[in-house]
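Numbering (the working numbering), first residue to last: 333 to 886.
In this text, a Cβ means the ideal position worked out from N, Cα and C, and glycines have one as well.
Report on the structure given below.
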Amino acid sequence: MKRNMETIVGRAACSPADEYSNRHLKRVNSSHGLTKDDSFTAGKLDKLSINDKSGSFLLPHDNRTGLIFESSTDHYDIYNRLHKERPLRVESTRTYILEESKHDLRKRCVLLPDVSSRDGSGSDYERVGDKVKMKRKLRLLDEDDYHLVHRPGYIQRLSALSESKNGDKNDGRMTERLDDEASQYASVYLRPDSFKSAKCAVEALCSLVKRVVVVHSSDEDVEAKIGNDRTIGDGCDRDCDQLDNGFAIVRPPGHHAGPSMAGGYCILNTVALAALYARYRLGVRRVMVVDWDVHHGDGTQNALLNDPSVLYFSVHRHDGGNFFPFTSSSSMRDDGTRRKRSGSSSVVGEGAGLGRNVNVAWSRKFMGDDEYRAVWSAVLHPIAGEFNPDLVLVSAGFDAALGDMGECNVTPECFGDLTKELMGYAEGKIVCALEGGYVRSVLHKCVERVICALLEGKRVDRKKKGSSKAKEGLCSSSDSKKRSPNSNSGSKKNSSELQDILEQIEPSAASSIQDTITFHRPYWKCFQNGNEGIDNDEDEIAKMLPVICTECKE
Ligand SMILES: [Zn+2]
């Protein structure tokens, strides 16, 4: 490996402007086990690339972006093989990204093995040299982990449905049972392997999250819990595992799956599970989930409604409750209480989670780049800056893209820009998960732009110590500008700035944004003139901190 390094080090003087690359390459350097004497500078590598342990070629300015693809060919609609949520969505995206993209993404990204091909047999440990290391695992999550989001009865039912009594998964009675279960939900099909496929999607996302959170974390508590000589999961050693960010291109999607129900092609709530896995198994204090799928993530909202440590932010078509998942604030539960599944802006969270559920609910179709950028500027940045997340997860559906089924007009370039702006939080620790997006040619371009943004976006390496920054809120615009790469964002908006933003977009969109701000004014200082908002609940969150790494609890 040392020889490889030497072959690519050789010419040009170090550019003083390449401090960022220097830091980045020092990490790469250490991942190769090189000594101080072997060190080199980014400038010397001008326009050259590095072949690292994982086989990826890192351009000097690239972040270390992980990709994982997960799509079971056994999860499909037997009555409609051309169903729009079918294996080809991910398969064709994989082919496009790895083989056809002009951006060399196969070489520049770290490609993780898909979950379903990992070795899950035998002992979890193996001897490597004189060390015992954790073996490549099939599972990061135990059954209990699924109960972080889903009710035990629901998981047990899905589990039972995936096991055929007579061993033949194609027998008629099995199909009948699956159809009966699916018929309880809106827009769901089930096959014997559907539950397993959904679990693989969750595992895939969590494996990325773990690589971004654990090794990237500067949090000494987490480091101490993981230990000094322990692999972190799926086969590689710690340095090799290190990722800055990632994208899980997986199916089935997840954001409509609630605690005890499937819905909208979703079976398990992939992103909600990853958020709570990061929160309660990896010890991440604050997670921000951003959902830009054209449909409201009713399942995610439902799962996280009371949790002050996870902020759910969704922008979606609502059309007064007349757009899927057709949840209006007037719908009632069986017990007569009002449903909280609504995607309207009036649903702001419950109990300790008040203010932590943010819905920007479009009232009509045709929203485009200007409207989405305005949401980021007027709502997301102020709230995110005040919330101060330690990890950002994106429910990255692309059905709001121009040309997809959501009848909105967001371009791939805009999705890339929205991603780059999110990299201004959590020191750039952002992991995306595919949700919707059904026109493959559109989907490919959108995924490509987001991956390029993850590779090329500027991460904010801002050490956060204690809670003082969070308690300060976002009301200082000079401070907030440091938090966001977008100079037009991250600050408390005075009324004239806000009016400037809103006057430039479609009037009903401006009204939707204004509604969200109005409903959230009691909970966020950035929307207030004084400081009468709630404190950023450090105490509340601390009480909920049973930091357990499932692999270190012995
Ligand atoms: Zn969708």
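Round the Cβ separation of residue i and residue j to the nearest angstrom and send it over; I've been treating them as touching at under 8 angstroms.
i: aspartate 623; j: threonine 632; result: 6 angstroms
i: glycine 675; j: histidine 628; result: 3 angstroms
i: leucine 510; j: arginine 489; result: Incorrect: roughly 11 angstroms between the Cβ atoms, too far for contact.
i: valine 447; j: serine 539; result: 7 angstroms
i: arginine 421; j: arginine 772; result: 7 angstroms
i: valine 541; j: valine 763; result: 5 angstroms
i: phenylalanine 904; j: cysteine 778; result: This structure gives no information on residue 904, because the portion of the chain shown stretches from 333 to 886.
i: leucine 437; j: alanine 765; result: Wrong, their Cβ atoms sit about 17 angstroms apart, outside the cutoff.
i: valine 307; j: leucine 608; result: Only positions 333 to 886 of the chain appear in this structure, which leaves residue 307 out of reach.
Where residue i and residue j are concerned, what is the direct C-alpha to C-alpha distance, given to the nearest angstrom?
i: alanine 710; j: valine 726; result: 19 angstroms
i: phenylalanine 747; j: asparagine 741; result: 11 angstroms
i: glutamate 759; j: threonine 425; result: 28 angstroms
i: proline 657; j: asparagine 691; result: 14 angstroms
i: glutamate 835; j: phenylalanine 527; result: 47 angstroms
i: tyrosine 521; j: histidine 776; result: 24 angstroms
i: proline 591; j: cysteine 598; result: 12 angstroms
i: glycine 595; j: tryptophan 856; result: 32 angstroms
i: glycine 600; j: leucine 399; result: Per the sequence shown, the amino acid found at residue 600 is leucine instead of glycine. When rounded, the distance between both Cα atoms is 21 angstroms.
i: alanine 706; j: glycine 717; result: 16 angstroms
i: arginine 413; j: proline 419; result: 10 angstroms
i: glutamate 767; j: serine 678; result: 24 angstroms
i: leucine 472; j: tyrosine 757; result: 26 angstroms
i: arginine 791; j: lysine 697; result: 33 angstroms
i: aspartate 576; j: glutamate 838; result: 36 angstroms
i: leucine 605; j: aspartate 477; result: 8 angstroms
i: serine 519; j: methionine 593; result: 12 angstroms
i: proline 484; j: glutamate 475; result: 9 angstroms
i: cysteine 532; j: proline 445; result: 12 angstroms
i: lysine 416; j: tyrosine 770; result: 6 angstroms
i: tryptophan 694; j: alanine 842; result: 9 angstroms
i: histidine 479; j: serine 491; result: 13 angstroms
i: serine 780; j: arginine 505; result: Serine is not the amino acid found at residue 780; the sequence shown has glutamate there. Cα-Cα distance, rounded: 42 angstroms.
i: glutamate 788; j: valine 782; result: 10 angstroms
i: glutamate 703; j: aspartate 503; result: 50 angstroms
i: phenylalanine 645; j: aspartate 630; result: 11 angstroms
i: arginine 618; j: leucine 723; result: 7 angstroms
i: glutamate 402; j: leucine 443; result: 12 angstroms
i: histidine 648; j: valine 626; result: 5 angstroms
i: valine 360; j: cysteine 441; result: Note that valine 360 has pLDDT 35, beneath the 50 cutoff, so the model's placement of it is unreliable and the number below is only indicative. Roughly 14 angstroms between the two C-alpha positions.
i: serine 641; j: glutamate 508; result: 41 angstroms
i: valine 394; j: proline 721; result: In the sequence under discussion, the amino acid at residue 394 is aspartate, which differs from the valine named in the question. Cα to Cα, the separation comes out at about 23 angstroms.
i: glycine 735; j: threonine 659; result: 25 angstroms
i: glycine 454; j: alanine 580; result: The pLDDT assigned to glycine 454 is 42, lower than 50, so where the model puts this residue is not dependable; a value taken from the coordinates is nonetheless given after this. Approximately 27 angstroms, taken between the alpha carbons.
i: valine 534; j: aspartate 512; result: 24 angstroms
i: valine 603; j: histidine 587; result: 7 angstroms
i: alanine 733; j: proline 744; result: 7 angstroms
i: threonine 427; j: isoleucine 487; result: 33 angstroms
i: leucine 636; j: arginine 611; result: 12 angstroms
i: cysteine 858; j: phenylalanine 851; result: 13 angstroms
i: leucine 493; j: aspartate 525; result: 9 angstroms
Skipping 5 residues on each side, what residues in its chain have a beta carbon closer than 7 angstroms to that of residue i?
i: leucine 830; result: Ala710
i: serine 529; result: Ser404, Asp406, His407, Pro584
i: isoleucine 833; result: Ala706, Ser709, Ala710
i: alanine 589; result: Gly595, Cys598, Ile599, Leu600, Asn601, Gly631
i: tyrosine 517; result: Met593, Ala594, Gly595
List the residues that DSSP assigns as beta-bridge partners of residue i.
i: tyrosine 644; result: Val621, Asn689
i: phenylalanine 401; result: Ile581
i: alanine 732; result: Paired residue(s): none; alanine 732 is not in a bridge.
i: cysteine 764; result: Phe579, Val726
i: leucine 473; result: DSSP output for leucine 473 lists no bridge partner at all.
i: cysteine 598; result: Gly595
i: asparagine 741; result: Gly700
i: glycine 590; result: Met593
For residue i, collect the residues of the same chain with a Cβ closer than 6 angstroms to its Cβ; drop the 5 residues on either side in sequence, then sort them by chain order.
i: leucine 643; result: Met620, Arg688, Phe719
i: alanine 514; result: Val520, Tyr521, Leu522
i: leucine 786; result: Thr397, Asn577
i: glutamate 739; result: Lys697
i: serine 826; result: Contrary to the premise, residue 826 reads as asparagine rather than serine in this sequence. Nothing meets the Cβ criterion.
i: serine 433; result: Glu780
Is residue i close to chain C, meaning its C-beta is less than 8 angstroms from at least one C-beta of that chain?
i: glycine 398; result: This model lacks chain C altogether, as it is built from one protein chain only.
### Task
Report the residue ranges of all alpha helix (DSSP H) runs contained in full by the region 654 to 727; include only those spanning at least 4 residues, in chain order.
701 to 707, 713 to 719
### Message
Restricting to runs no shorter than 4 residues, where is the alpha helix (DSSP H) found entirely within the region 488 to 528?
### Response
The qualifying runs are 504 to 514.
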